[in-house]
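K.L.:
Here's a structure for you.
2 protein chains.
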Amino acid sequence: MATASKAAARPRAPSKGEQTREAILAHALGLATRIGFEGLTIGRLAEDLRMSKSGLFAHFRSKEALQLDILRMAGARMVESVVKPALAVPRGEPRVRALFERWLAWEQSPSLPGGCPFMAASFELDDRPGPVRDFVVQNLRDWMDTLAGAARIAVNEGHFRAALDCEQFAHDCQGIGLAFVHASRLMRDPKAYARAASAFETLLQRCRAPGRRR
Amino acid sequence: MATASKAAARPRAPSKGEQTREAILAHALGLATRIGFEGLTIGRLAEDLRMSKSGLFAHFRSKEALQLDILRMAGARMVESVVKPALAVPRGEPRVRALFERWLAWEQSPSLPGGCPFMAASFELDDRPGPVRDFVVQNLRDWMDTLAGAARIAVNEGHFRAALDCEQFAHDCQGIGLAFVHASRLMRDPKAYARAASAFETLLQRCRAPGRRR
DNA sequence: AACAAAATAGTACGACCGTTCGGATCTGTC
DNA sequence: GACAGATCCGAACGGTCGTACTATTTTGTT
């Protein structure tokens, strides 16, 4: 079966082009979180990577395609480092907690010097229609659905009270996360993490089924 | 006393320059909330106002000065339409509530088609040092202090419980507001306002002195 | 080793950027 | 109504932007 598994997995060493393409996107992602998606410039990107503008540009047919590819990579990474690991955690409140904690960790990941790109894009693109905005909205919607879904499971497991509005729960989580970014990145508040953790604990408290304590 | 009051008030009809300057800033404020502070362009601004680029530019010595002036105007307007009216409301929980409600209303004010400029600037400038960022931080800090101060008063009035962490309260309010902007502007969620109101009510519930209900 | 294809570089383009400067036009004051 | 200063315009500067084209080099396959 060795040959079959090889054919099925088909790792197929990435070609040179795919390699540099990946490298470009990785660097662009870090850059975009810091200087924004509009502020991101092909010239600057090429300079950083010691490439020619045109050589870099050839990998993407337009700047918009580049932006979309960056967001695609960011979305995949987020699923990989936040959602997937949380699915390995027991259903119910533990998983909800894992989602939230990994989300904050992702937001502070060293590979994202400017924080979660979707957070930044949320406010940068909220008034600028187009496919980039659409992609961000879709991704955020998926994320909120993931949160709400995890809460729903916690309700079914009897961890959270039955009457809980799971969409409201997801909304409130988003608020805590946004306030966390606000406090840590803009205000440079050293207590930012403690504040977010405290807010989340209070939120959980309120969601638990009656008579249920940690 | 008529003459004295005249001298004291000193309305002094605004000169032509001051008029257009004000008009420029008013329009620039609306524009900046939509397309961002970096995206804001002197050429575009001049075109909108049917002025020459250089004529407009002459009112501000640089683009940075223009950005600062825009934010100064926004800050003044926010104090005028959010903070000041709330100070006319009875101390304690009513005033806290007034602050929050007027804040949401300000965020949706028709003169701010892109929403509160400080919200947008929070995420746009969080990684770009300079006087503009500093100004935003200072303004946001003042706002959070106002919120925390109002909560402190509510504690002293016996409306809120004595052990309340007022800074955490302000932080949580900020989260609710950010989530509101996120839901209404980006996600276009028609329930955005209801979600924010619900979150705020729950927050208040938790803050009240024991045995105190609405 | 040869050759087609893929990847990168070079150069140029029109558009717009923030800014400067000298001159035209307008305002307010005597 | 003249004069000074405020206000505004037009043209131009050096730069950078995204993108298009054509070469040149590198890669992968036979």
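Those protein sequence lines, which keep their order, are chains P and L.
So for the first sequence, the working numbering puts the first residue at 80; every next one is plus one.
So for the second sequence, the working numbering puts the first residue at 80; every next one is plus one.
The beta-carbon is built from N, C-alpha and C at its ideal position, and this holds for glycine as well.
Would L/L265 and P/S133 qualify as a contact pair, given that the criterion is a beta-carbon distance under 8 Å?
P.N.:
No.
K.L.:
Please report the distance separating the alpha-carbon of L/W185 from that of L/C195.
P.N.:
Rounded to whole angstroms, L/W185 to L/C195 spans 7 Å at the Cα level.
K.L.:
Taking the beta carbon of P/R120 as the centre, do at least 16 other beta carbons fall within 10 Å, making it buried, or is it exposed?
P.N.:
The question names Arg, but residue 120 of chain P is Thr in the sequence shown. P/T120 comes out exposed.
K.L.:
Starting from P/I255, find everything on chain L with Cβ-Cβ shorter than 9 Å and list it in chain order.
P.N.:
By Cβ distance, chain L contributes D251, G254, A258.
K.L.:
Check the C-beta distance from L/V175 over to L/A229 and give it rounded, since I have them as a contact under 8 Å.
P.N.:
At roughly 5 Å, the Cβ-Cβ gap stays under 8 Å, so L/V175 and L/A229 are in contact.
K.L.:
Could you work out which residues of chain P lie near L/M152, taking near to mean beta carbons separated by less than 8 Å?
P.N.:
Those within 8 Å of L/M152 in chain P number zero; the least Cβ separation is about 19 Å.
K.L.:
Taking the C-alpha atoms as reference points, what is the distance between P/R240 and P/L128?
P.N.:
Cα to Cα, the separation comes out at about 52 Å.
K.L.:
So what does L/R287 bridge to, in DSSP terms?
P.N.:
Answer by DSSP bridge pairing, in chain order: L/F239.
K.L.:
P/M198 lies in the alpha helix (DSSP H); which residues open and close that run?
P.N.:
196-203 is the extent of the alpha helix (DSSP H) around P/M198.
K.L.:
Can you find a C-beta in chain P that's less than 8 Å from the C-beta of L/H238?
P.N.:
No - not a single Cβ of chain P is within 8 Å of the one on L/H238.
K.L.:
Between which two residues does the alpha helix (DSSP H) holding P/K163 run?
P.N.:
Looking at the DSSP string, the run of the alpha helix (DSSP H) that includes P/K163 is 163-166.
K.L.:
Note down, in chain order, each residue of its chain lying with its Cβ closer than 8 Å to the Cβ of P/S188, except the 5 sequence neighbours on either side.
P.N.:
Same-chain partners within the cutoff: S160.
K.L.:
Assign P/H106 to one of three DSSP states: helix, strand, or coil.
P.N.:
Looking at P/H106 - three-state DSSP - the assignment turns out to be helix.
K.L.:
Do you know offhand how far L/A275's Cα is from P/L104's?
P.N.:
Cα-Cα distance, rounded: 36 Å.
K.L.:
From the beta carbon of P/L243, is the nearest beta carbon of chain L less than 8 Å away?
P.N.:
Taking Cβ atoms only, chain L never reaches closer than 8 Å to P/L243, which makes this a no.
K.L.:
Tell me whether the beta-carbon of L/C252 lies closer than 8 Å to the beta-carbon of L/V234.
P.N.:
Not in contact: L/C252 and L/V234 (Cβ atoms no closer than 8 Å).
K.L.:
Could you check how far apart the C-beta atoms of P/L135 and P/L124 are, in whole angstroms? I think they sit under 8 Å.
P.N.:
With a Cβ gap of about 6 Å, P/L135 and P/L124 count as contacting.
K.L.:
Going by DSSP, what residue range makes up the alpha helix (DSSP H) through L/P173?
P.N.:
Start and end: 172-186.
K.L.:
First and last residue of the alpha helix (DSSP H) that includes L/E143?
P.N.:
It spans 142-157 - the alpha helix (DSSP H) in which L/E143 sits, taken as one unbroken run.
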